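Data block below; observations after.
In my numbering, the protein residues as written are 6 to 103.
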């Protein structure tokens, strides 16, 4: 179902110029460009809301706990003290700056 809604929006001149340039580049009217932008934004927003609902903090915690108990993680070699020392982590960056 498509609902017709007319809006009048006051835009800053630089935003209006960008929209016009983008519409020309895409060979559509500014109205069609705005319609596409709004539709895309609504789809992204809806997907984000659905994703937020699917991943609540309790679910995330359960996934992290399961990952921590994963057999493949248990088989991974432990990092040496030198590998996780602050000096060794930043050594390459400091050497690159010199």
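Ideal Cβ placement from N, Cα and C applies to all residues, glycine included.
Since the structure is predicted, the reported quantities are computational estimates derived from the model, not experimental observations.
| Item | Value |
| --- | --- |
| Starting from residue 18, trace the alpha helix (DSSP H) in both directions and tell me its first and last residue. | 18-31 |
| Tell me the residue span of the alpha helix (DSSP H) that contains residue 93. | 91-102 |
| May I ask which residues mark the beginning and end of the alpha helix (DSSP H) holding residue 70? | 62-73 |
| Tell me the rounded alpha-carbon separation between residue 9 and residue 64. | 40 Å |
| Could you check the C-alpha separation between residue 31 and residue 25 for me, to the nearest Å? | 10 Å |
| Specify the secondary structure class of residue 84 as computed by DSSP and reduced to three states. | coil |
| Can you tell me the Cβ-Cβ gap for residue 27 and residue 16, rounded? I've got them flagged as a contact below 8 Å. | That belief does not hold up - the Cβ atoms of residue 27 and residue 16 are roughly 13 Å apart, past 8 Å. |
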